[in-house]
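In the numbering used here, the protein residues as written are 787 to 1046.
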């Protein structure tokens, strides 16, 4: 469920993007909290099936200032029979530039579970991973830390800092994320500007994107997700829709607390 949002952050290296557009943060501050309602399509019926929460706080990591990003998602118990979701993501990130320091995931998606820890060692250009899931016993690995690598949660906050005004409609924007213990080549496609009216009646001037996805426990492979973000310097995601393996989902922003 959280991946419906986190796949806004995508893959492939692009030095120009990172050095010029969004490694410095202007989109969010410590104390930001955002919540979303998740709607699931069951035949001709849409049901309120779950929720997702995001937060940003200031912290210390190895005695240096850092951000801690948290995200949790859950399906409501009455709909667990459709697809049970219990997820928690945590990421520690440098304040400037926005690069990941440590990432952790605990996830249940249907019959699948996953526990992951990534530690980023910039001095030795390594990523140390610890992975356990339904398909793999506990294992540890070491990756070469490629330039501009992000973890899944940090990537969404990095993407919010992209200067989209420089892109033409249809442009593919590549990033680089370590996902499920491997690198996956994905992209977001800029679809231009529009107005979006939320289900609560609030209207937003927005930017739209489609997202290339990889096959997994929830998503079909392909460009099957649309994301709508506010057309301002915060790039706040307000609406997301995606085709999944069974049916489709929509996510609406339900509440937020953003410092100005």
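Yeah, the Cβ is synthetic: ideal placement off N, Cα and C, and Gly gets one too.
Only a predicted model underlies this, so the values are computations on that prediction, with no experimental measurement involved.
Query: Unbroken alpha helix (DSSP H) run spanning residue 939, endpoints; Result: 938 to 945
Query: Cβ contact (3+ pairs, closer than 8 Å) linking the segment 911 to 919 and the segment 858 to 868; Result: no
Query: Best match in 887, 903, 919 for proximity to residue 897 [C-alpha to C-alpha]; Result: 919
Query: Same chain, Cβ closer than 6 Å to residue 833, neighbours up to 5 away in sequence not counted; Result: 826
Query: Inter-residue Cα distance where the pair is residue 876 and residue 980; Result: 32 Å
Query: Range of the contiguous alpha helix (DSSP H) that encloses residue 982; Result: Where residue 982 is concerned, there is no enclosing alpha helix (DSSP H), although the beta strand (DSSP E) it sits in stretches over 973 to 983.
Query: Candidates 969, 990, 842, of which the one nearest residue 934 by Cα; Result: 969
Query: Span of the beta strand (DSSP E), counted from its first residue to its last, around residue 814; Result: From DSSP, residue 814 is part of no beta strand (DSSP E); its letter is neither H nor E.
Query: Closest Cα partner of residue 831 within the set 1042, 1044, 1033, 1039; Result: 1033
Query: CA-to-CA distance, residue 820 to residue 988, given in whole angstroms; Result: 16 Å
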